[in-house]
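The next block holds one structure in the form of structure tokens; read it before the comments.
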Amino acid sequence: MPIHSGGGRVNTKGSHQVLRTGGGDGTGGKGSGGGKQVGELARGNTGNNAVKAMIRANFKQSVHRIHGGGMSRAAVKKVIDQHIDDISYCYEVALISDPSIVGKAVYEWHILLDGSVGDVHILNASIQNQQILGCIKKSIKTWRFPQPHQSQVLVSYPFVFDIVGF
Numbered sequence: 001m002p003i004h005s006g007g008g009r010v011n012t013k014g015s016h017q018v019l020r021t022g023g024g025d026g027t028g029g030k031g032s033g034g035g036k037q038v039g040e041l042a043r044g045n046t047g048n049n050a051v052k053a054m055i056r057a058n059f060k061q062s063v064h065r066i067h068g069g070g071m072s073r074a075a076v077k078k079v080i081d082q083h084i085d086d087i088s089y090c091y092e093v094a095l096i097s098d099p100s101i102v103g104k105a106v107y108e109w110h111i112l113l114d115g116s117v118g119d120v121h122i123l124n125a126s127i128q129n130q131q132i133l134g135c136i137k138k139s140i141k142t143w144r145f146p147q148p149h150q151s152q153v154l155v156s157y158p159f160v161f162d163i164v165g166f
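In full-length UniProt numbering, the protein residues as written are 1 to 166.
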């Protein structure tokens, strides 16, 4: 379901999505990525139902201009929408070790003149899980936006996470 300016719901893929990065069983064998998650699944340390992440944002207040530069809110929203699965993945992986994670994290980042993301900061967060906060920050840093007009653009965006189905 697309995210609307008043908020929206993002269905995550569940544990099988975590497995697709797989390799290894979490016991130190060969393989890369996903091994710890596979090991947790084998031990039954995960939920059984679908996970949903609720994301809300007042997008009218989320995009700011710096020194006359600019980019439309729609252009920023389009890129965020394209990467919402990355955010859901960060949430799902963190839920494996802590299935009670709920809360909000507000991120702020600069879109540079070439469309890449510069500094990424966490403005505030009720979630204290460093795994999810770091994963989201790292993901945002890889996003590519259209080139802004004249100068950098500052974006503030709140991600609100809630568990449904556990």
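Where a beta carbon is used, it is the ideal one built from N, C-alpha and C, also for glycine. This one's a predicted model, so the numbers in the text were calculated from it and none came from an experiment.
Do you know offhand how far Pro-146's Cα is from Gly-118's?
-> 14 Å
Reducing DSSP to helix, strand and coil, say where Ile-80 ends up.
-> helix
Lys-141 classed as buried or exposed, judged by whether at least 16 other C-beta atoms fall within 10 angstroms = exposed
Could you give the residue range of the beta strand (DSSP E) that holds Gly-118?
-> 117-125
If we ignore side chains and look at the alpha-carbon of each, how far apart do Val-160 and Glu-108 end up?
-> 14 Å
Mark Pro-148 as exposed unless 16 or more other C-beta atoms lie within 10 angstroms of its C-beta, in which case mark it buried.
-> buried
How would you label Ala-105, buried or exposed, when you count the other beta carbons within 10 angstroms and need 16 or more for buried?
-> buried
In DSSP terms, what Ala-105 is bridged to | In the DSSP secondary-structure assignment, Ala-105 is bridged to Ala-125 and Phe-159.
State yes or no: is the C-beta of Gly-103 within less than 8 Å of the C-beta of Ser-72?
-> Contact flag unset, no.
Use the C-beta contact count for Asn-124: other C-beta atoms within 10 angstroms, 16 or more gives buried, fewer gives exposed.
-> exposed
How about Gly-70 and Gln-128: do their beta carbons lie closer than 8 Å?
-> no
Please go through the same chain and pick out, in chain order, the residues whose beta-carbon is closer than 7 Å to the beta-carbon of His-114, but skip the five residues on each side of it.
-> Note that residue 114 is Asp in the sequence shown here, rather than His. Cβ within range, chain order: Gln-147.
How close, in whole Å, do the beta carbons of Ile-111 and Val-153 come, if the pair is a contact with beta carbons under 8 Å?
-> Sure, about 4 Å apart at Cβ, within 8 Å.
Mind checking whether Val-120 and Lys-137 have CB atoms under 8 Å apart?
-> Taking 8 Å as the Cβ cut-off, Val-120 and Lys-137 qualify as a contacting pair.
Decide if Lys-78 is buried, meaning its Cβ has at least 16 other Cβ atoms within 10 Å, or exposed.
-> exposed
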